[in-house]
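J.:
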Amino acid sequence: MSITYQIAVLPGDGIGPDVIHQACLTLEAVGNASGFSFEWVEGAVGGASIDQYGTPLTDEVLYKCQGARAVLLGAVGGDAWDHLTGDQRPESGLLKLRKSLRAFVNLRPVLVPDSLAEASPLRADAVRGTDLLVVRELTGGIYFGQPSGREGSGSDERAYNTMVYTADEVDRVSRVAFQWARKRRGRVTSVDKANVLVVSQLWRDVVSRVHESDYPDLTLNHMYVDNAAMQLVLNPRQFDVIVTGNLFGDILSDAAATLGGSLGLLPSASVGGEVGLFEPVHGSAPDIAGKDIANPIAAILSASMMLDEFGEDQSAQAIRTGVEKALEEGARTADLWREGLRRVSTSEMGDLIRHHATAALSAYKK
Ligand code: NAD
Ligand code: IPM
Ligand code: MN
Numbered sequence: 000m001s002i003t004y005q006i007a008v009l010p011g012d013g014i015g016p017d018v019i020h021q022a023c024l025t026l027e028a029v030g031n032a033s034g035f036s037f038e039w040v041e042g043a044v045g046g047a048s049i050d051q052y053g054t055p056l057t058d059e060v061l062y063k064c065q066g067a068r069a070v071l072l073g074a075v076g077g078d079a080w081d082h083l084t085g086d087q088r089p090e091s092g093l094l095k096l097r098k099s100l101r102a103f104v105n106l107r108p109v110l111v112p113d114s115l116a117e118a119s120p121l122r123a124d125a126v127r128g129t130d131l132l133v134v135r136e137l138t139g140g141i142y143f144g145q146p147s148g149r150e151g152s153g154s155d156e157r158a159y160n161t162m163v164y165t166a167d168e169v170d171r172v173s174r175v176a177f178q179w180a181r182k183r184r185g186r187v188t189s190v191d192k193a194n195v196l197v198v199s200q201l202w203r204d205v206v207s208r209v210h211e212s213d214y215p216d217l218t219l220n221h222m223y224v225d226n227a228a229m230q231l232v233l234n235p236r237q238f239d240v241i242v243t244g245n246l247f248g249d250i251l252s253d254a255a256a257t258l259g260g261s262l263g264l265l266p267s268a269s270v271g272g273e274v275g276l277f278e279p280v281h282g283s284a285p286d287i288a289g290k291d292i293a294n295p296i297a298a299i300l301s302a303s304m305m306l307d308e309f310g311e312d313q314s315a316q317a318i319r320t321g322v323e324k325a326l327e328e329g330a331r332t333a334d335l336w337r338e339g340l341r342r343v344s345t346s347e348m349g350d351l352i353r354h355h356a357t358a359a360l361s362a363y364k365k
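Listed below in structure tokens is the structure:
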């Protein structure tokens, strides 16, 4: 009997639906070629959910996600909902989903294949061969810390958030980082602001403790976040696994996206709970929404991370091969296009990736 994976699909806003459509078609294509299939359960999130139900994530959609094998999400947010505050905002729907799924780790791999090094806004020789993994804590830190609020008025008006971590939260995310490093090149860089923030001093102590007690064979170094932002663009190849808190991880991963030349390339997996959430790193890109020019690679690679988690190794690898080949033959969406390369739409890029991914799968079978 062949397996059917039940996937909750939450396309969201802006370019979300376009890129998620390509990701689903790609999953279908490799599934057909490998003998497994999908049942899609669609749901609204973010602005799309606000417009339909008056809230960025309904309980009904949350239950669908909790009952699925995995969740595939596009992006949330946009100008139409920017006047909203607090838990009325599209973004709070995504935060609630991550928290409810207990997805405390967000894995954000950053790879710069040769085909992209030339087009990087940074020097090709500085970025070529970059292969790093940002392990971002996802359900704690300043995103969720209490108290937070805004009160008073006039010149007395004040607003505050709390950056808080418990030792347990740091312990569990650092273990995930060390485990990934063990499968990779054995090196973890923990990023914090321990020269100023007491919450970072705890972070640093706990990561060091976990390292000494359970992963002494691996290399650990600590880096302040301001320096890490600079080192990422100066010498990205020094990094293997970067482990950091929610806010720093959000910022550093967008910075790392410049290495390959576009945020439209970066996938992610939000895991740690029973149901994984697979989501591109980028947002709803209101500036290019509705034009069929968004880069679907981040969403398609997020789908391949989902297949990794299912143990469908060959299909996951075939998708990565499909992406590599499409880029190698010069296909580029608008974000990466330059003279001499072939400019393709969102759907054309998806078609090319599927073509090469299914070809790779039939080659494995021979
Ligand atoms: P963004 O990631 O949407 O866009 C930043 C820049 O990158 C834009 O110029 C955009 O055109 C470009 N870009 C992003 N994805 C691309 C793709 N796939 N192909 C080509 N170009 C791409 O960030 P922003 O503009 O700061 O935020 C827009 C909205 O998205 C906001 O409402 C924000 O809150 C939301 N957001 C959501 C998520 C998410 O859902 N995970 C992530 C980030 C931002
Ligand atoms: C991301 C986004 C989200 C975050 C927002 C939209 C809540 O920027 O996934 O990187 O800050 O985590
Ligand atoms: Mn972000």
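The sequence shown maps to residues 0 to 365 in numbering that gives the first Met the number 0.
Idealized CB from N, CA, C, for every residue including glycine.
Quantities reported herein were computed from a predicted structural model and do not represent experimental measurements.
#1: Going by CA-CA distance only, name the one from E136, G185, L100 and A268 that's closest to F238.
#2: Got a sec, what are the start and stop residues for the alpha helix (DSSP H) M304 sits in?
#3: Does the segment 276-295 come within contact of the segment 165-183, defined as at least 3 CB pairs closer than 8 angstroms?
#4: In angstroms with no decimal places, state the Cα-to-Cα distance between R337 and E328.
#5: For the putative contact between A118 and L306, defined by C-beta atoms under 8 angstroms, what is the C-beta separation to the nearest angstrom?
#6: Which residue comes first and which comes last in the alpha helix (DSSP H) that contains R68?
#7: With a threshold of 16 other CB atoms inside 10 Å of the CB of I296, please say whether the residue is buried or exposed.
#8: Decide if V197 is buried, meaning its Cβ has at least 16 other Cβ atoms within 10 Å, or exposed.
#9: Return yes when the C-beta of D50 is under 7 angstroms from any heavy atom of the ligand IPM, and no when it is not.
#10: What separation, rounded to the nearest whole angstrom, lies between the Cα atoms of A228 and L251?
#11: Among N160, R97, L24 and R122, which has the Cα closest to the Cα of G275?
#12: Label K192 either buried or exposed according to how many other C-beta atoms from any shown protein chain fall within 10 Å of its C-beta, with 16 as the threshold for buried.
#13: Does the distance from the C-beta atom of I19 to that of G73 stay below 8 angstroms?
#14: Excluding sequence positions up to five away, which residues of its chain have a Cβ less than 7 angstroms from the Cβ of V205?
#15: DSSP three-state call for N160: helix, strand or coil?
#16: Where does N220 land, buried or exposed, given buried means 16+ other C-beta within 10 angstroms?
#17: Buried or exposed: H82, going by 16 or more other Cβ atoms within 10 Å of its Cβ?
#18: Quick check: what's the CA-CA separation for N194 versus D50?
#19: So does V75 have its beta carbon nearer than 7 angstroms to some heavy atom of the ligand IPM?
#20: For E38, name the three-state secondary structure that DSSP assigns.
#21: Among the candidates P215, A28 and Q65, whose CA atom is the shortest distance from the CA of A7?
#22: With distances taken Cα to Cα, identify the nearest neighbour of D253 among H210, V40 and V109.
#23: Going by alpha carbons, who is nearest to R236 out of Y62, P112 and A22?
#24: Hey, how far is the Cα of F277 from the Cα of E150?
#25: Can you tell me the Cβ-Cβ gap for L137 and N160, rounded? I've got them flagged as a contact below 8 angstroms.
#26: Taking the alpha helix (DSSP H) that D113 belongs to, which residues open and close that run?
#27: By Cβ distance below 7 angstroms, which residues in the same chain neighbour W80 in space, the five residues on each side in sequence not counted?
#28: Between which residues of its own chain and D249 is the CB-CB distance below 8 angstroms, once the five residues before and five after are set aside?
#29: Please report the residue range of the beta strand (DSSP E) in which V134 lies.
#30: What is the DSSP secondary structure of D371, reduced to helix, strand or coil?
#31: Any residue with its Cβ nearer than 6 angstroms to a heavy atom of the ligand MN should be included. What is that list in chain order?
#32: Name the two residues that bound the continuous alpha helix (DSSP H) containing G321.
T.: Quick answer:
#1: Here residue 238 is taken as the residue at index 239 of the sequence shown, counted from 1. Checked all of E136, G185, L100 and A268; the closest Cα to F238 is G185.
#2: Start at 1 with the first residue of the sequence shown, and residue 304 comes out as number 305. From DSSP, the alpha helix (DSSP H) with M304 extends over I296 to F309.
#3: no
#4: In the sequence shown, the residue the question calls residue 337 occupies position 338. In the sequence shown, the residue the question calls residue 328 occupies position 329. C-alpha separation (whole angstroms): 14 angstroms.
#5: In the sequence shown, the residue the question calls residue 118 occupies position 119. In the sequence shown, the residue the question calls residue 306 occupies position 307. So it is not a contact: roughly 27 angstroms between Cβ atoms.
#6: The residue you call residue 68 lines up with position 69 of the sequence shown. Counting along the chain, R68 falls outside any alpha helix (DSSP H), and DSSP gives it neither H nor E.
#7: For the purposes of this step, residue 296 is taken as residue 297 along the sequence shown, with counting starting at 1. I296 comes out buried.
#8: By 1-based counting over the sequence shown, the position of residue 197 is 198. Counting Cβ neighbours within 10 Å, V197 comes out exposed, since fewer than 16 surround it.
#9: Against the sequence shown, residue 50 aligns to sequence position 51. Every heavy atom of the ligand IPM is 7 angstroms or more from the Cβ of D50, so no.
#10: Taking the sequence shown and counting its residues from 1, one reaches residue 228 at position 229. Taking the sequence shown and counting its residues from 1, one reaches residue 251 at position 252. Cα-Cα distance, rounded: 6 angstroms.
#11: The residue given as residue 275 occupies position 276 in the sequence shown. It is R97 whose Cα lies nearest to the Cα of G275.
#12: The residue you call residue 192 lines up with position 193 of the sequence shown. That one is buried.
#13: Within the sequence shown, residue 19 is the residue found at index 20, counting from 1. Within the sequence shown, residue 73 is the residue found at index 74, counting from 1. Contact flag set, yes.
#14: Translated into positions along the sequence shown, residue 205 becomes position 206. Counting only Cβ-Cβ distances below 7 angstroms, and skipping sequence neighbours, we find A166, V169, D170 and S173.
#15: The residue given as residue 160 occupies position 161 in the sequence shown. The answer is coil: DSSP assigns N160 none of H, G, I, E or B.
#16: Within the sequence shown, numbered from 1, the residue matching residue 220 stands at position 221. N220 comes out exposed.
#17: As a working note, residue 82 is residue 83 in the sequence shown. With fewer than 16 other Cβ atoms within 10 Å, it is exposed.
#18: Start at 1 with the first residue of the sequence shown, and residue 194 comes out as number 195. Start at 1 with the first residue of the sequence shown, and residue 50 comes out as number 51. Each residue's alpha carbon lies about 44 angstroms from the other.
#19: As a first step, residue 75 must be located in the sequence shown, where it is residue number 76. Yes, since a heavy atom of the ligand IPM falls inside the 7 angstroms radius drawn around the Cβ of V75.
#20: Start at 1 with the first residue of the sequence shown, and residue 38 comes out as number 39. Correct three-state label for E38: strand.
#21: Start at 1 with the first residue of the sequence shown, and residue 7 comes out as number 8. Nearest of P215, A28 and Q65 to A7, Cα basis: Q65.
#22: Counting from one through the sequence shown, the residue named residue 253 turns up at place 254. Comparing Cα positions, the closest option is V109.
#23: Counting from one through the sequence shown, the residue named residue 236 turns up at place 237. Among Y62, P112 and A22, the Cα nearest to that of R236 belongs to P112.
#24: Your numbering for residue 277 matches position 278 in the sequence shown. Your numbering for residue 150 matches position 151 in the sequence shown. Straight-line Cα distance between these residues: approximately 36 angstroms.
#25: The residue given as residue 137 occupies position 138 in the sequence shown. The residue given as residue 160 occupies position 161 in the sequence shown. Contact flag wrong, Cβ pair sits at about 16 angstroms.
#26: Here the question's residue 113 lines up with position 114 in the sequence shown. D113 to A116 is the span of the alpha helix (DSSP H), which, as asked, contains D113.
#27: Position 81 of the sequence shown, counting from 1, holds the residue named residue 80. G46, I49, R88 and P89.
#28: Walking along the sequence shown from the start, residue 249 turns up at place 250. Only R135 meet the Cβ criterion.
#29: One-based indexing of the sequence shown puts residue 134 at position 135. Run containing V134: D130 to E136, per the beta strand (DSSP E) assignment.
#30: Residue 371 cannot be examined here, being either before or after the span of the chain that is shown, 0 to 365.
#31: D249 and D253
#32: Here residue 321 refers to the residue found at position 322 when the sequence shown is read from its first residue. D312 to E327 is the span of the alpha helix (DSSP H), which, as asked, contains G321.
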